[in-house]
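In UniProt numbering, the protein residues as written are 1 to 527. In what follows, a structure is listed as structure tokens, so that the remarks can point back to it.
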């Protein structure tokens with residue numbers, strides 16, 4: 001589509017999504033180049049329409065492609081899927097300049113073919129999700145906050161102007177353009193993370209060298225009453241750099257949600273378990289291999305000596321209260337070769353072979369291999385195990401996230417978690433929780449509700465439950481670190497100087513409020 005095409009092509013796209021909150025059919029424009037994005041902004045200005053840019057639109061649990069305000073035109077950027085400096089990426093130049101449509105799968109496959117010594121910080125979501133879209137909403141990868149992976153943005157502002165941040169302003173031919181992340185003067189990059197001042201059309205993404213040795217470290221907490229101590233120990237290991245990536249601490253509900261599909265598929269395909277018996281058999285297998293309420297998973301990487309020393313330190317800090325297991329691809333493969341032939345002889349062998357089958361895709365996250373495992377588990381739960389992961393919004397699965405940021409204070413975190421669980425229980429919900437040790441001073445709780453989206457009463461109940469949990473968090477002086485489209489007007493306060501300043505910046509970059517009105521900002525000028 002050229003600039004003239006941008007004037008002509010309008011399609012319709014349904015905004016239904018797993019949160020159960022949508023705006024029906026929406027007009028949709030598509031752009032595949034920066035010039036087309038600029039043309040769409042100019043068209044929106046002339047027509048008095050607002051634009052809601054999406055990358056792949058798979059922002060599951062937060063609203064997917066649904067805009068927070070009615071009347072916006074979706075601007076689909078999935079066709080902007082180029083790795084702009086593909087021929088220049090190397091071990092000595094570990095930066096990929098990517099457009100918003102570049103997916104985890106695409107970059108993983110590209111690096112595997114062109115530069116296998118490099119990887120990147122993947123998330124546990126689908127391989128078909130946008131890297132840049134997730135980073136701009138401050139998503140969390142397996143190795144750390146995605147915000148820290150991205151710099152040097154190219155942005156079409158609401159004025160239709162092209163802005164490049166950092167040293168990309170010097171031009172793409174400058175040796176600093178894709179190398180130095182800070183630039184000179186004020187750092188404008190942050191305005192476009194969870195911001196609505198412009199449309200990011202490309203950015204620099206830091207790539208990572210593959211370490212000589214990489215293992216996954218799992219810790220199963222033996223006594224649930226020591227969860228606070230457990231979290232404090234993991235935070236200490238993070239601050240010491242022993243476990244430098246993100247350590248994920250999941251409750252049993254989360255473990256079950258992550259593994260049941262893989263376990264069930266193994267029992268069906270390898271063991272001949274009948275469909276009617278799968279859930280019962282899978283529950284039995286899971287109880288055998290994962291009987292603990294809280295289990296953590298994190299990565300340790302470096303030389304063989306560094307990994308050995310790190311594991312020894314993990315054992316010193318937490319070995320007294322948690323069962324430590326170290327796995328890598330080779331150990332999982334060896335375990336499966338040993339246990340699989342015994343699956344119909346020894347129930348313990350069957351349970352562990354099934355668990356290994358379920359864990360193997362998740363283990364790949366530590367090595368930069370994206371997987372559909374988490375989405376497949378959701379589709380399996382709602383009766384569509386063979387559906388492609390990217391079709392989650394078309395399934396019966398209901399999924400709502402309420403994810404607070406929390407300080408690294410174990411006792412305080414435990415109190416908040418118990419409070420959230422109590423609120424959820426009052427609505428008849430089990431809360432699926434992962435506590436991510438994200439930074440040296442904070443963690444984030446990735447908490448979600450699951451419900452049948454085909455049941456209107458279940459949808460209403462889940463949405464009321466999500467709001468009650470958020471109100472509980474606000475009552476404790478806390479806030480979510482990432483907001484859903486349906487809660488944007490609740491999280492912003494027109495009396496707060498912070499949000500008033502955020503609105504004032506719209507007059508600089510987007511005076512007509514064209515770009516994503518109401519997204520992490522006020523809907524209109526405060527009085």
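From the three backbone atoms N, C-alpha and C, an ideal C-beta is built for every residue, glycine too.
Which of helix, strand or coil does DSSP assign to residue 40? helix
Residue 232 - DSSP class collapsed to helix/strand/coil: helix
Compare the beta carbon distance of residue 141 and residue 122 with 7 angstroms and say whether it is the shorter of the two. yes
Tell me, please, which residues DSSP counts as bridged to residue 197. Paired residues: none, contrary to the question.
Whole-number beta carbon distance between residue 263 and residue 354, since they are thought to touch under 8 angstroms: 4 angstroms
Within a Cβ cutoff of 7 angstroms, which residues of the same chain sit near residue 492, ignoring the five residues on either side of it in sequence? 499, 521 and 522
Can you list the alpha helix (DSSP H) stretches of 4 or more residues lying completely in the region 397-459, in chain order? 410-426
Should residue 497 go down as buried or exposed, given a rule of 16 or more other Cβ atoms within 10 Å for buried? exposed
Whole-angstrom Cβ separation of residue 304 and residue 213, contact assumed at under 8 angstroms? 5 angstroms
Select from 434, 77, 120 and 403 the residue whose C-alpha is nearest the C-alpha of residue 370. 120
Cβ-based neighbour list, residue 192, same chain, cut-off 7 angstroms, excluding 5 preceding and 5 following: 136, 153, 155, 198 and 200
DSSP three-state label for residue 293, please. coil
Please state whether DSSP places residue 528 in a helix, a strand or coil. What the structure shows of the chain is the stretch from 1 to 527, and residue 528 is not part of that stretch, so it cannot be assessed.
Quick one: give me the first and last residue of the alpha helix (DSSP H) that residue 305 is part of. 304-318
Taking only three categories from DSSP, how would you classify residue 275? helix
Sub-7 angstroms separation of residue 518 and residue 194 beta-carbons: no
Per the DSSP calculation, residue 301 is bridged to which residue(s)? 214
Apart from the five residues on each side of it in sequence, which residues of its chain come closer than 6 angstroms, Cβ to Cβ, to residue 2? With a pLDDT of 46 at residue 2, under the threshold of 50, the modelled position of this residue cannot be trusted, and the question is left open.
Considering only the alpha carbon of each residue, which of 503, 471 and 477 lies closest to residue 605? The structure shown does not extend to residue 605, since the chain is modelled only from 1 through 527, so no value can be given for it.
Using a 10 Å radius around the Cβ and a threshold of 16 neighbouring Cβ atoms, would you call residue 76 buried or exposed? buried
What did DSSP end up calling residue 11 once you bin it into helix, strand or coil? strand
Taking the alpha-carbon positions, what's the residue 479 to residue 138 distance? 14 angstroms
With H, G and I counted as helix, E and B as strand and the rest as coil, what does DSSP make of residue 364? helix
If contact is defined by three or more beta carbon pairs under 8 angstroms, each pair taking one atom from either stretch, is the region 262-276 in contact with the region 461-475? no
Nearest CA to the CA of residue 55: which residue from 23, 226, 99 and 507? 99
Tell me whether the region 334-351 and the region 248-262 touch, counting them as touching only if at least three CB pairs, one residue from each stretch, are closer than 8 angstroms. no
Where does the unbroken alpha helix (DSSP H) through residue 380 begin, and where does it stop? 373-381
Whole-angstrom distance between residue 331 and residue 266, CA atom to CA atom: 19 angstroms
Going by the beta-carbon positions, is the gap between residue 437 and residue 247 smaller than 7 angstroms? yes
Could you give the residue range of the alpha helix (DSSP H) that holds residue 172? Looking at the DSSP string, residue 172 is not in any alpha helix (DSSP H), and its letter there is neither H nor E.
Under the three-state reduction of DSSP, which class applies to residue 52: helix, strand or coil? strand
How should residue 50 be labelled, buried or exposed, when 16 other C-beta atoms within 10 angstroms of its C-beta is the threshold for buried? buried
Can you give me the C-alpha to C-alpha distance between residue 243 and residue 63, rounded to a whole angstrom? 32 angstroms
Neighbourhood of residue 27 by C-beta distance below 6 angstroms, restricted to the same chain and skipping five residues each side: 10 and 73
Let me know if residue 345 comes out buried or exposed under the rule of 16 or more other beta-carbons within 10 Å of its beta-carbon. exposed
Alpha-carbon to alpha-carbon, residue 71 and residue 298: 43 angstroms
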